[in-house]
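Note sheet for the following structure.
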Amino acid sequence: MTSNKKIMILSGDGVGPEVVHETKKILDWFAKHQSLNFDIQEDLVGGSAYEKHGIPLTDKTLSDAIEADAILFGSVGGPKYDDVDFEKRPESGLLKLRKEMDLFANLRPATVFPALANSSTLKPEIVSGLDVLILRELTGGIYFAEPRGIEELPDGEKKGFDTNLYTTSEIERIGRVAFDLAELRNKKVTSVEKSNVMMSGVLWKEVITNLHKNEGSKIELSHMYADNCAMQLVRNPKQFDVIVTDNLFGDILSDCAAMLTGSLGMLPSASLGNKNKETGKRHALYEPVHGSAPDIAGQGIVNPMAQILSLSMLFKYSFELDKESELINKAVSKTLEQGYRTKDIFSKDGKLVGTSEITKNVIRNLDELVR
Ligand code: IPM
Ligand code: MG
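Take 648 as the starting number for the sequence shown in the numbering used here and just add one per residue.
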């Protein structure tokens, strides 16, 4: 099978380039062994773009990204940029990509690989077999809504403020994705907000409830306050199937869910837009949930699995390459079963290896799986 779909690679900062480097080896494997060829374009984003261009995302990079069939993203940010103007910070580049491409649906699956049940900080019986999908609204809420700013008050004090805001249609479209995804899974959706204190939460709950009545009746819907959800995620995470929530709560709860799986270094994500009605094309960006981890960057010890699994999600959601996606998941799983561990998931009976060595083993397992 040949293909000339275009993948744009934006590896970014910190450990981003390292984990993307490993993931490109997986892409090379598919080119060599499965004749799966993509046009690859690479560019700078975040701090690396800021250093070259003075901004974290150039217009040219953005328009190329919009043209691409899928984006494989590394990570952005680092303490080096702490004093840079807010809108030129590396994170702004990522937020602009999400917003301009309308990537409103962020899928963050937290699944526990059997071999890693012991790596979680929670008891193995609490996490083994876990398969939760956090669906985070990604282009609205407090991340983007106006007014926001820092202003000086007459008495010389300052006030810093943000706005949390959701419209009916924004809530409906993410709710719809939640019901669609649950349909393919265990048919349960937990909608998470703080309707006990926030008006945007009151509306969120109301819209999801109505949508469920009108469009999602085959799905079991429940509602939960965000603080309770954080607690329930560590108390009994297997009660959840799909959790749908706003941008900020989704950011926080997905870090929490990631840790259930053993390490933040294991969690991939997909950020999807709606399908264009005329072209059938859907904008999509795939990135690990972990950040740029500047404390371990450049040491060859970072876990590349979240990035490699992000490629698996890219295959599945952008190119309908379900078999190939599953092949990557299996190769990752086998590598873990064989005991290979980067530092973040190391336990004493494992074999401690670095970034490129664990990838080598994923590739060996790919070879063996197709033999
Ligand atoms: C994430 C990250 C980002 C976010 C940062 C890097 C802007 O934490 O994707 O979870 O807050 O959304
Ligand atoms: Mg985050």
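Cβ coordinates follow ideal geometry from the N, Cα and C atoms, glycine included.
Check: Integer Cβ distance of leucine 911 from histidine 937, believed to fall under 8 Å; Outcome: 4 Å
Check: Stretch pair the region 760-768 + the region 725-735: three plus CB contacts closer than 8 Å; Outcome: no
Check: Complete beta strand (DSSP E) runs within the region 806-862 (minimum length 3 residues, chain order); Outcome: 835-840
Check: Nearest-angstrom Cβ-Cβ length linking valine 759 and glycine 909, presumed shorter than 8 Å; Outcome: 7 Å
Check: Proximity test, aspartate 996 beta-carbon vs ligand 2 heavy atom, cut-off 7 Å; Outcome: no
Check: Valine 936: CB within 7 Å of a non-hydrogen atom of ligand 1; Outcome: yes
Check: Identity of the residue in Asn651, Val889, Pro941 and Val779 nearest lysine 727 by Cα; Outcome: Pro941
Check: Outcome for isoleucine 654 when other beta-carbon atoms lying within 10 angstroms are tallied against a minimum of 16; Outcome: buried
Check: Under 8 Å between C-beta atoms of leucine 914 and alanine 877; Outcome: no
Check: Candidates Thr982, Arg988, Gly1001 and Tyr987, of which the one nearest leucine 1016 by Cα; Outcome: Thr982
Check: Anticipated Cβ contact below 8 Å, phenylalanine 720 with glutamate 934, distance rounded; Outcome: 4 Å
Check: Simplified DSSP state of isoleucine 948, which is helix, strand or coil; Outcome: coil
Check: Coarse secondary structure for phenylalanine 993, derived from DSSP in three states; Outcome: coil
Check: Nearest-angstrom Cβ-Cβ length linking aspartate 778 and alanine 829, presumed shorter than 8 Å; Outcome: 12 Å between Cβ atoms; not a contact.
Check: Distance CB(leucine 780)-CB(proline 756) smaller than 8 Å; Outcome: yes
Check: Backbone CA spacing between glutamine 886 and glycine 803 [nearest angstrom]; Outcome: 50 Å
Check: Proximity test, aspartate 902 beta-carbon vs ligand 2 heavy atom, cut-off 7 Å; Outcome: yes
Check: Chain-order list of residues whose beta-carbon lies under 6 Å from that of glycine 659 (same chain, five-residue window excluded); Outcome: Val692, Gly693, Gly721, Ser722 and Val723
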